[in-house]
Amino acid sequence: MENGYDRKTGYVFGGASSFWFLFVAIALIIWLSPLFIKQENSSIKTLLIGAAALLLGLCLRFTFYGTQVDPERGRIREYTSLLGYRTGDWEKLPDLKRLRFTSNNVSSRNTPNGISPTMRHTSTVYTIALFSYAATPDYVIKTENKKEALQDAQALAKILHLKVEDRL
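Counting in numbering that gives the first Met the number 0, the sequence shown runs from 0 upward without gaps.
Shown next as structure tokens:
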């Protein structure tokens with residue numbers, strides 16, 4: 000699938016994936032601790048606990064959702080990648096007619112105590128929608144980075160032989 004499209008769309012664990020490096024650091028500290036601290040536990044237990052922390056950290060970092068398009072075989076899939084292993088069924092690519100590029104301002108509130116909202120945050124979400132004949136899109140890809148979204152829209156338009164409808 001050299002001429003295809005492959006995009007990571009989001010982490011499975013959401014914002015928690017940002018803490019992956021902490022688990023990797025914990026694993027290193029656990030593995031190096033016998034050099035500095037006398038332990039009563041066996042070294043096998045220490046290795047296993049460190050390996051579990053490392054595996055958890057790597058899972059947080061390298062588990063994500065994505066979308067792949069294979070125009071040569073006329074197929075598309077939305078997948079989940081776990082440490083590089085991708086799962087998700089390939090589907091036949093519908094007869095796509097339009098590619099629409101839009102943006103929406105999304106407002107969200109932070110409610111840290113669960114009762115009273117404290118801050119309001121507004122961000123722009125860029126959407127790439129692929130349409131066949133229906134009024135609703137067959138596939139949607141969202142991102143908050145305008146440059147990245149525009150590059151993705153142009154790449155998809157090129158491989159699918161569609162024109163980008165820019166509705167910004």
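No residue lacks a Cβ here, since even glycine has one placed at the ideal position from N, Cα and C. This one's a predicted model, so the numbers in the text were calculated from it and none came from an experiment.
Asked	Found
In angstroms with no decimal places, state the Cα-to-Cα distance between G73 and I158.	11 Å
For the putative contact between T62 and V11, defined by C-beta atoms under 8 Å, what is the C-beta separation to the nearest angstrom?	5 Å
Name the residue from R60, Y132, T126, L161 whose alpha carbon lies nearest to the alpha carbon of K146.	T126
Alpha carbons only, please: which of T123, P136, I43 is nearest the one belonging to K96?	P136
Tell me A15's beta-bridge partners as DSSP assigns them.	Paired residues: none, contrary to the question.
From which residue to which residue does the beta strand (DSSP E) around Q153 run?	Element bounds for Q153: not the beta strand (DSSP E) but the alpha helix (DSSP H), 145-159.
Rounded to the nearest angstrom, what separates Q38 and T79 at their Cα positions?	40 Å
How about V163 and L98: are their beta carbons less than 8 Å apart?	yes
Would you mind reading off the limits of the beta strand (DSSP E) that contains A128?	118-130
What would DSSP say about T66, mapped onto helix, strand or coil?	strand
Report all residues from its chain with a CB closer than 6 Å to the CB of N103; omit the five preceding and five following residues, and keep chain order.	V124
Along the chain, where does the beta strand (DSSP E) that runs through I36 open and close?	Note, I36: premise wrong, no beta strand (DSSP E); not H, not E.
To the nearest angstrom, how far is the alpha carbon of T119 from that of L21?	Reading off the sequence shown, one finds Arg at residue 119, where the question assumed Thr. Between R119 and L21, the C-alpha separation is close to 29 Å.
Please check the pair E77 and N2, which I expect to be a contact at CB under 8 Å, by giving their CB distance rounded to whole angstroms.	Contact flag wrong, Cβ pair sits at about 19 Å.
My output table needs one value for L47: the three-state DSSP class, helix, strand or coil.	helix
Please report the residue range of the beta strand (DSSP E) in which R74 lies.	74-81
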